[in-house]
Every structure is written in structure tokens, then in C-alpha cells.
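Enquirer: Numbering (the working numbering), first residue to last: 1 to 132.
From the three backbone atoms N, C-alpha and C, an ideal C-beta is built for every residue, glycine too.
On a predicted model such as this, the values are computed, not experimentally measured, just so you know.
Before we start, here is the structure in question, set down as C-alpha cells.
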């Protein structure tokens, strides 16, 4: 008799715990969802005073993103910002990817042997959410 009661209590507890329904997070309808990813930071071989960032912009949303502004930062070995470059450009269609480049003058105080890295990110856009 104790086994039957214990079994029923155990089955009842499992049933109550197992019946919880979890909802998947929903992507907001009517929003563009953007992120940028740096592909390359390089010096122009034809003009060594010029550098450029290459980056990808992704739109995961179901509508077109408008008035996109991407910032790219040149960082030294201590992650101090040496230069910030902005790229304002046209719209990006829904569920799409675009490859972009932005050029800038190499900072005067940047030496040849200085370790540098970079990062690009979406700063702003109309009708969108930004992923970091």
C-alpha cells in the first residue's frame, strides 16, 4: 500500500513539473535586426597613407533597414582607440548581407611596428534593433 501511495505521489509530481509550457522568444515583426562584423583591417598598398576596414552587415529582420550608420575603430595593442571612422550608407534589404569597405587616412602617430586591431559595429539605424 505504501508503494502505491508513493508511486502515485511521484507520478503526480512528475506530471505537474512536466506540464510546464515554455514559449520560444519571438522576433519582433516589422523590425530590422542588424549587426556588423569586421572582416579585415589593411593598409592600401598603392597609397601607404591610407587604410581601410572591410566589414559585413547582416539584417536578420523581416523588413528593410534604413539610414544605417556603422562605426569602425582602430585600436592599438592596449585596446586604446587610435581612430574612429563612420560609414553612412543606403538601406539594407530584409534577410540580407552586404559587404562594405570604408577608407581613412592612417594616423600620423601610428608606427610601422605598432600592433593594431579593429572592430566594427552598427551605431544606429531607423526602424531596427541592433545586435552586439
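Go through its chain and collect everything with a Cβ distance to residue 3's Cβ below 8 Å, but skip five positions before and after it.
Expert: none
Enquirer: Say whether the segment 59–67 touches the segment 91–105, bearing in mind that this needs 3 or more beta-carbon pairs closer than 8 Å, one atom from each stretch.
Expert: yes
Enquirer: Classify residue 92 as helix, strand or coil using the three-state DSSP reduction.
Expert: strand
Enquirer: The beta strand (DSSP E) spanning residue 69 covers which residue range?
Expert: 66–76 is the span of the beta strand (DSSP E), which, as asked, contains residue 69.
Enquirer: Assess, as a yes-or-no matter, whether the segment 99–108 is touched by the segment 39–52 under the definition of 3 or more beta carbon pairs within less than 8 Å.
Expert: yes
Enquirer: Closest to residue 127 by C-alpha separation, out of 54, 38, 65, 35, would be which residue?
Expert: 65
Enquirer: Taking the straight line between their C-alpha atoms, what separation do you get for residue 121 and residue 37?
Expert: 7 Å
Enquirer: Quick one: what's got a C-beta closer than 8 Å to residue 75's C-beta in the same chain, skipping five residues either side?
Expert: 81, 82, 116, 117, 118, 119
Enquirer: Label residue 113 either buried or exposed according to how many other C-beta atoms from any shown protein chain fall within 10 Å of its C-beta, with 16 as the threshold for buried.
Expert: Burial state of residue 113 is exposed, judged by a 10 Å Cβ sphere holding fewer than 16 other Cβ atoms.
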